[in-house]
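Q:
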Amino acid sequence: MDFFAFLAPIEWVVAWIMYLCHQGLVFLGFSDGPGPAWVLSIVGLVIIIRILLIPLFFKQIKASRGMQMLQPEMQAIQKKYKGKTDPASREAMSRETMELYRKHGTNPFASCMPILLQSPIFFALFRVLNGLVPISDGSSKPIGPIDASVASDIESSSVFGAQLSDVFLRTDDLQTKIVIAVLIVAMCATTFFTQRQLTMKNMPKAALEGPMASTQKMMLYVFPFIFAVSGVNFPVGVLVYWTTTNLWSMGQQFYTIRRMPAPGSEAERLLKERQARKRAAKGVVEDATPVIEQPRGQRQQPKRKDRQKSAPRPVGTVSATTPEDAPAEDAPADKPAPGGAAKGGSGTGASKPAPKKKKQK
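Quick note on the UniProt record's numbering: the sequence shown kicks off at 1 and runs consecutively.
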């Protein structure tokens, strides 16, 4: 029983896409039969598949940002249950983690969805290219439009002298091995830079710390190593497919990160610097003074200059008012003598004249 029998429908779709891309290139002037048209048909397969996966790519970006933004809360949960290995604590930690994913509307698997969906296509293309020789000699059934003659044309097509069905461990030709080795290096390098671009430039500082960040950094080097080891078993056509896919991913991510960076990331800082330079080039001057807005519904009333209140006078100071404005003070009066005295008399009973009021300075 064939373990990969479930890939038969996907192999049929892959075969038809390659065939239709080849026919389109022939219509544009490429030669029919063996030649670069079949190599470019694999590139066309990548472009069509990646266009169909664009909605999932934006979901991946959204999920990745959600995972980045919840890192501080995730670290708080991990710190809360650090060192607790009892079943109740582990269950509570899992429950709080799932609640955190639900709160941010993301999960770790959403960010891996485009890669997971491409895996069946990758293995289907692998089986189609591996089956070219049996199909061309009639020992295997055709796959969609790829019959014996078409399979022979695909197999004879080459990339710098290496045929699409050649494998590093199954050929003795030195030139073919060099070409395959270069393609393996290109596949590993593009995989590394694609992952590095996503994890290092588009992550906030909080997401670059903790166990999950350490795992991502480790996978940044593990994946290229896995591809380097397994690439010696891939046909040339599969290496072309995977390298083209990585180049597409790098361009797509570069555009997305440049225009829509994650909050708090290095890419966001660079975006703000570019925006500031553009405003400066246009002569737009930013006012650094903060504008304090009045509360809605309250209007500050204008003040007349002659009605402005003077500052409060400290206790113990002398007033600067004029004598006319000063309030009259009650002068102390002596009590009249018993019996009184005539007005203007000089007796002892006459009242003394009131002292003159001194002018206040």
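C-beta atoms are modelled at their ideal positions from N, C-alpha and C, and glycine is treated no differently.
Here's the rule I'm using: 16 or more other beta-carbon atoms within 10 Å means buried, otherwise exposed. How should T245 be labelled?
A: Along the sequence shown, read from residue 1 onward, the residue named residue 245 stands at position 245. The residue in question, T245, is buried, as its Cβ has 16 or more Cβ neighbours within 10 Å.
Q: Does any heavy atom of the ligand COA sit closer than 7 Å to the C-beta of F30?
A: In the structure on display, the ligand COA does not appear, and there are no ligands present to speak of.
Q: Would you mind stating whether W38 and L164 have Cβ atoms separated by less than 8 Å?
A: Against the sequence shown, residue 38 aligns to sequence position 38. Against the sequence shown, residue 164 aligns to sequence position 164. The answer is yes: Cβ separation under 8 Å.
Q: Considering only the alpha carbon of each residue, which of T176, I178 and L125 lies closest to I42?
A: The count along the sequence shown starts at 1 and reaches residue 42 at position 42. Comparing Cα-Cα distances from I42 to each of T176, I178 and L125, the minimum goes to L125.
Q: Quick one: using the 10 Å Cβ neighbour count with 16 as the cut-off for buried, is V150 buried or exposed?
A: For the purposes of this step, residue 150 is identified with residue 150 of the sequence shown, where counting begins at 1. By the neighbour-count rule (16 or more Cβ atoms within 10 Å), V150 is buried.
Q: Smallest Cα separation from A267: which of I257, A276, V232 and Q275?
A: As a position in the sequence shown, residue 267 is number 267, starting the count at 1. The shortest C-alpha separation from A267 is found at I257.
Q: Taking the alpha-carbon of E155 as reference, which of G131, A189, I48 and L70 has the nearest alpha-carbon?
A: Position 155 of the sequence shown, counted from the start, is the residue given in the question as residue 155. Out of G131, A189, I48 and L70, G131 has the C-alpha closest to the C-alpha of E155.
Q: Report yes if the CB atom of L45 is closer than 8 Å to the CB atom of M18, and no otherwise.
A: Your numbering for residue 45 matches position 45 in the sequence shown. Your numbering for residue 18 matches position 18 in the sequence shown. Their beta carbons are under 8 Å apart, which means L45 touches M18 by this criterion.
Q: Measuring straight from C-alpha to C-alpha, what distance separates H104 and A63?
A: Indexing the sequence shown from 1 puts residue 104 at position 104. Indexing the sequence shown from 1 puts residue 63 at position 63. Whole-angstrom Cα-Cα distance: 9 Å.
Q: Closer than 8 Å by C-beta to M219: which residues in its own chain qualify, once you throw out the five before and the five after it? Chain order, please.
A: If you number the sequence shown from 1, residue 219 lands on position 219. Correct list, in chain order: Q195.
Q: Starting from D153, trace the alpha helix (DSSP H) both ways and give me its first and last residue.
A: The residue labelled residue 153 in the question sits at position 153 within the sequence shown. A148 to S156 is the span of the alpha helix (DSSP H), which, as asked, contains D153.
Q: DSSP on V179, reduced to helix/strand/coil?
A: As a first step, residue 179 is located in the sequence shown; it is residue number 179 there, counting from the start. Helix.
Q: I need the boundaries of the alpha helix (DSSP H) containing F234, first residue and last residue.
A: Against the sequence shown, residue 234 aligns to sequence position 234. Segment: none, F234 is in no alpha helix (DSSP H) and carries neither H nor E.
Q: Pairing CB atoms from the segment 75-90 with CB atoms from the segment 271-284, are three or more of them under 8 Å?
A: As far as the Cβ criterion goes, the segment 75-90 does not touch the segment 271-284, which means the pair count is below three.
Q: For P142 and D153, what's the separation of their Cα atoms in angstroms?
A: Taking the sequence shown and counting its residues from 1, one reaches residue 142 at position 142. Taking the sequence shown and counting its residues from 1, one reaches residue 153 at position 153. Distance between the alpha carbons of P142 and D153 is about 14 Å.
Q: Of the choices S158, T85, P55 and G66, whose alpha-carbon is the least far from that of V179?
A: Numbered from its first residue, the sequence shown carries residue 179 at position 179. Measuring from the Cα of V179, the nearest candidate turns out to be S158.
Q: For a quick check, are the C-beta atoms of residue 447 and Q197 less than 8 Å apart?
A: One cannot answer for residue 447 here, as it falls past the ends of the chain, which runs 1 to 361.
Q: Which runs of the alpha helix (DSSP H) fall wholly inside the segment 11-61 and span at least 4 residues, in chain order?
A: You should have 36-52.
Q: Quick check on the DSSP output: the alpha helix (DSSP H) that includes T171 runs from which residue to which?
A: As a working note, residue 171 is residue 171 in the sequence shown. No alpha helix (DSSP H) holds T171; DSSP gives it neither H nor E.
Q: Of all the options F160, V133, G161 and A162, which has the alpha carbon lying nearest to the alpha carbon of A148?
A: Residue 148 sits at position 148 when you count from the first residue of the sequence shown. If we check each option's Cα against that of A148, V133 comes out closest.
Q: Need the endpoints of the alpha helix (DSSP H) that V284 sits in, please.
A: The count along the sequence shown starts at 1 and reaches residue 284 at position 284. Element bounds for V284: n/a, residue is neither H nor E.
Q: In whole angstroms, what separates the C-alpha of K82 from that of K217?
A: Residue 82 sits at position 82 when you count from the first residue of the sequence shown. Residue 217 sits at position 217 when you count from the first residue of the sequence shown. Distance between the alpha carbons of K82 and K217: 22 Å.
Q: Using C-beta distances below 8 Å, list every residue in its chain close to A181, excluding the 5 sequence neighbours before and after it, in chain order.
A: Within the sequence shown, numbered from 1, the residue matching residue 181 stands at position 181. Same-chain partners within the cutoff: F168.
Q: Starting from the Cα of L20, find the closest Cα among G144, M260 and P224 and give me that residue.
A: Within the sequence shown, the letter at position 20 stands for residue 20. When each option's Cα is compared against that of L20, the closest is G144.
Q: If G66 sits next to T97, beta carbons under 8 Å apart, how far is it from one beta carbon to the other, in whole angstroms?
A: Start at 1 with the first residue of the sequence shown, and residue 66 comes out as number 66. Start at 1 with the first residue of the sequence shown, and residue 97 comes out as number 97. Their Cβ separation, rounded to whole angstroms, is 13 Å, which puts G66 and T97 out of contact at 8 Å.
Q: For P261, I'd like the list of residues in its chain whose CB is within less than 7 Å of its CB, leaving aside the five on either flank, ordered along the chain.
A: Position 261 of the sequence shown, counting from 1, holds the residue named residue 261. Result list for P261: N202, A267, E268 and L271, in chain order.
Q: G237 to I51, Cα distance in whole Å?
A: Here residue 237 refers to the residue found at position 237 when the sequence shown is read from its first residue. Here residue 51 refers to the residue found at position 51 when the sequence shown is read from its first residue. Cα to Cα, the separation comes out at about 20 Å.
Q: With 16 other CB atoms within 10 Å as the buried threshold, where does Q71 fall?
A: What you label residue 71 is simply residue 71 of the sequence shown in a count that begins at 1. Buried.
Q: Looking only at its chain, what residues have a beta carbon closer than 8 Å to the beta carbon of Q48, apart from the 5 residues adjacent to it on each side?
A: In the sequence shown, counting from the first residue as 1, residue 48 sits at position 48. Residue identity check: residue 48 is Ile in the sequence provided, not Gln. Excluding positions up to five away in sequence, the list reads I17 and C21.
Q: Kindly indicate which three-state DSSP category A262 falls into: helix, strand or coil?
A: Start at 1 with the first residue of the sequence shown, and residue 262 comes out as number 262. The answer is coil: DSSP assigns A262 none of H, G, I, E or B.
Q: Is the beta carbon of I135 less than 8 Å from the beta carbon of V14?
A: Within the sequence shown, numbered from 1, the residue matching residue 135 stands at position 135. Within the sequence shown, numbered from 1, the residue matching residue 14 stands at position 14. Cβ atoms of I135 and V14: not closer than 8 Å.
Q: Quick one: using the 10 Å Cβ neighbour count with 16 as the cut-off for buried, is I226 buried or exposed?
A: In the sequence shown, the residue the question calls residue 226 occupies position 226. The residue is exposed, with fewer than 16 neighbouring Cβ atoms inside 10 Å.
Q: Between Q123 and L239, is the Cβ-Cβ spacing less than 8 Å?
A: Along the sequence shown, one-based indexing puts residue 123 at 123. Along the sequence shown, one-based indexing puts residue 239 at 239. Here residue 123 is Phe; the residue named in the question, Gln, does not match the sequence. Result no, Cβ atoms of F123 and L239 do not sit closer than 8 Å.
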